[in-house]
Amino acid sequence: MDSPLYGVSIFFSIFLLSSHTLAALPRTSSSSSSSSSSSGQINSNSVLVALLDSHYTELAELVEKALLLQTLEEAVGKHNITIFAPRNEALERQLDPEFKRFLLEPGNLKSLQILLMFHIIPSRVGSGDWPVSGSDPVRHRTLSTEHVHFASKGSGEKVVNSAEIVRPDDVVRPDGVIHGIERLLIPRSVQEDFNRRRNLRSISAVLPEGAPEVDPRTHRLKKPAAPVPAGAPPVLPIYDALAPGPSLAPAPAPGPGGPHGHFDGMAQVKDFIQTLLHYGGYNEMADILVNLTSLATEMGRLVSEGYVITVLAPNDEAMAKLTTDQLSEPGAPEQIVYYHIIPEYQTEESMYNAVRRFGKVRYDTLRLPHKVVAQEADGSVKFGNGDGSAYLFDPDIYTDGRISVQGIDGVLFPPEEETASEKKTSSPVKVATKPTRRGKLMEMACNVLEVFGQHRFSCQ
Ligand SMILES: *[C@@H]1O[C@H](CO)[C@@H](O)[C@H](O)[C@H]1NC(C)=O
Ligand SMILES: *[C@@H]1O[C@H](CO)[C@@H](O)[C@H](O)[C@H]1NC(C)=O
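Numbering-wise, the sequence shown is residues -23 to -1, 1 to 437 according to mature numbering (1 follows the signal peptide of the UniProt record, and there is no 0).
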């Protein structure tokens, strides 16, 4: 086995040497402050974030080792990308150990970078965009500037160069797509570099056949994985499924067939509300969701239809700082809560990994079009900016694979509103000294709504 290749010292040296080597590379800026249009932030639903979180762990690791994240971040800031991701086995076992050693030598960082960039096309090429079998192959320039060829074999399998696409459209994101491929693609220049170093004329870097995979339980050959993962997410974006609400785009009529109802979303929402109440310190949030608004029901419906959500739940202390001004607008409680719901499933680990790797990450919220920015701070995740920021305070209060609840220590507002509300004279709410049966926020909202004559729920 070739495990000694992965010696800590080798990787450590790559990192040490990287700053010199990078300076000589095109497309890679050496200081993080010089990132251009993307302003040093990446969207959490970026294909790049998805790659690092995907099952293509070997490729993701190589991309990080090759110090390519910033370059790729800039690329997705400008255009879509298509990533060809070799399955892990292709990098673990099917690669000539000597070639792998060559790639991981600190002095060959540039070869590693070229090799990886050879797997990325600076545009979106979905599986539907392949040439049909029988027609001529189509050339695409890669980020390494060398070209790859797309073709379909007689039997219909799509290939890129000599590698078969085993998981077409495996990951699809707004800024790109990942296709799983059977083996590593090796650009000519890297192969030649390798050959030259070895001082040998012709040697193939890839072993001709991958070792067949044997299932250790059945001792039979493993079947190839299904191309589309089971339980695929709903086709429509979550915004189309949202009930119409104040200042939200009106939701279209339900599509034919109605809700899929694959999951008992209501039970899951009840579960997480119960968990919030038992956890303690989040009663206001629970009360808002259940009693002040119909958002608990709304969330249950969305989850039933297959959507996933992450709730950033401000704790009671944070809620107590809300002012009457901030709640007096009709629909304000809903708007506040919508800004705390991310239409993705994120855990403490996934968010922390994202901010640690990218610095700043923008998450979509259900309050269109506002996003919430997260960054690493003090070994934790901080949301929002300046005074209006909140720390991840009680991570993973509830996580069931569809709903994730993360406790935070502040109430978040979209940046423009934060400044607007600061100008107003704000009258802070008196904090109750002992816990009251009804949430203080609830009482206050009831008072406000009485003034406006709006009774959509019981204020008794
Ligand atoms: C990426 O592709 C999507 C879908 O084709 C398109 O809507 C979007 O504008 C593209 N983004 C960029 C930056 O070109
Ligand atoms: C909703 O209101 C009822 C009645 O006042 C109360 O008993 C219940 O605890 C509230 N629910 C939550 C989640 O706070």
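A virtual CB, placed ideally from N, CA and C, is assigned to each residue, including glycine.
Any idea if Leu345 is buried or exposed, counting beta-carbon neighbours within 10 angstroms, 16 or more meaning buried?
exposed
Bounding residues of the alpha helix (DSSP H) (the contiguous stretch that carries Ile91)
Leu86 to Met94
Secondary structure at Leu80, three-state DSSP: helix, strand or coil?
helix
For ligand 1, I want to know if Val101 counts as a neighbour, meaning its beta carbon is within less than 7 Å of at least one of the ligand's heavy atoms.
It should be noted that the sequence gives Arg, not Val, for residue 101. Because some heavy atom of ligand 1 lies under 7 Å away, the Cβ of Arg101 counts as near it: yes.
Out of Leu44, Glu82, Ser110 and Arg101, which has the shortest C-alpha to C-alpha gap to Thr93?
A small correction: the amino acid at residue 93 is Leu; Thr does not occupy that position in the sequence shown. Leu93 has its Cα closest to that of Leu44, out of Leu44, Glu82, Ser110 and Arg101.
Following a CB-centred definition, is Ala263 positioned closer than 7 Å to any heavy atom of ligand 2?
yes
Note down the Cα distance separating Pro214 from Thr287, rounded to an integer number of angstroms.
15 Å
Quick one: which unbroken alpha helix (DSSP H) runs of 4-plus residues sit fully inside the region 246 to 277? Chain order, please.
260 to 264
How do the region 337 to 356 and the region 373 to 385 stand: do at least 3 beta-carbon pairs fall below 8 Å, yes or no?
no
Beta carbon of His56: closer than 7 Å to some heavy atom of ligand 1?
yes
Can you grab the Cα-Cα spacing for the pair Pro125 / Pro391, in whole Å?
Residue identity check: residue 125 is Val in the sequence provided, not Pro. Roughly 44 Å separates the two Cα atoms.
Straight-line Cα distance separating Lys247 from Ala52
42 Å
I'd like the list of long-range same chain contacts for Ile313, defined as Cβ closer than 7 Å, with 5 residues on each side in sequence excluded.
Val388
Of the listed residues Val148, Val285, Ser112 and Gly157, nearest to Gly133 (C-alpha basis)
Ser112
Rounded separation between Asp170 and Leu162 - CA only
15 Å
From Gly361, Ser88 and Gln303, residue whose alpha carbon lies closest to that of Leu173
Just to set this straight, residue 173 is Arg in the shown sequence, not Leu. Looking at the Cα atoms, Ser88 is the closest of the given residues.
Determine the burial state of Leu426: buried for a count of at least 16 other Cβ atoms within 10 Å of its Cβ, exposed for fewer.
Model confidence at Leu426 stands at a pLDDT of 48, short of 50, so the residue's coordinates are unreliable; what they give is reported in the following sentence. By the 10 Å Cβ count, Leu426 comes out buried.
Which residues DSSP lists as bridging Pro145, in chain order
Beta-bridge pairing links Pro145 to no other residue.
Does the separation of the CB atoms of Glu141 and Glu123 fall below 8 Å?
no
Per the contact definition of three or more C-beta pairs closer than 8 Å, is the region 54 to 61 in contact with the region 151 to 158?
yes
Run the CB neighbour count on residue 449, radius 10 Å, all protein chains shown included, and call it buried at 16 or more, exposed below.
With the chain covering -23 to 437 only, the question about residue 449 has no answer from this structure.
Rounded to whole angstroms, what's the CA-CA distance from Arg64 to His117? Just pull it up for me.
21 Å
Distance, Cα to Cα, Phe76 vs Ser166?
14 Å
Examine the Cβ distances between the region 33 to 43 and the region 347 to 363 and report whether three or more of them are shorter than 8 Å.
no
Sequence-distant residues of its chain with Cβ nearer than 6 Å to Leu266 (five each side left out):
Leu272 and Ala273
N-terminal and C-terminal residue of the alpha helix (DSSP H) that Phe335 is part of
Glu325 to Phe335
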